[in-house]
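Peer 1: My numbering numbers the first residue of the sequence shown as 289 and each following residue consecutively. Think of the CB as a built atom: it goes at the ideal place given N, C-alpha and C, for glycine as much as any other residue.
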Amino acid sequence: MHDSNEDSLFVPKYEPMDTFEEDVMSRATSSDEDEGDEFEVEAVLAERQDPDDPHATQYLIQWENYPMDQCTWEPLQNLGKGVLEGWEEAKAEIE
């Protein structure tokens with residue numbers, strides 16, 4: 289997914305998530321969405337190694353105006369500019 293306003297500020301929200309049991313399909317590949325639709329990222333919640341590609345990272349995305357159970361794991365190429373900058377800054381503050 290691409291942030292429809294790629295230069296918008298990103299403010300991460302941290303909510304406890306002990307586990308994310310399902311690997312929810314990307315909104316980009318969901319059959320009920322039109323190809324090319326863009327969604328606003330509310331927050332990056334986590335990151336993990338892609339289970340299908342050990343050299344790639346996926347990011348757990350909370351979508352604006354969607355409930356937490358609609359979060360999806362997204363590869364880097366599905367994210368707009370600035371989204372990961374905010375995530376990396378937030379991680380650096382924690383460390």
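1. Return the Cβ separation of Pro356 and Gln350 in integer angstroms, given the expectation that the two are a contact with Cβ distance under 8 angstroms.
2. So, Lys337 versus Trp361, is the Cβ gap smaller than 8 angstroms?
3. With H, G and I counted as helix, E and B as strand and the rest as coil, what does DSSP make of Asp325?
4. Which word fits Ala331, buried or exposed, when buried means at least 16 other C-beta atoms lie within 10 angstroms of its C-beta?
5. Spatial neighbours of Asp340 within its chain, please: CB distance less than 8 angstroms, with the 5 preceding and 5 following residues excluded, ordered by chain position.
Peer 2: For this structure:
1. Note that residue 356 is Met in the sequence shown here, rather than Pro. About 7 angstroms separates the CB atoms of Met356 and Gln350; that is less than 8 angstroms, so the two are in contact.
2. Note on residue identity: the sequence assigns Gln, not Lys, to residue 337. With respect to the 8 angstroms criterion, Gln337 and Trp361 are not classified as neighbours on the basis of their beta carbons.
3. Reduced to three states, the DSSP call for Asp325 is coil.
4. Residue burial annotation: Ala331 is buried, with at least 16 other C-beta atoms found within 10 angstroms of its C-beta.
5. Closer than 8 angstroms at the Cβ level, and outside the excluded window around Asp340, lies no residue.
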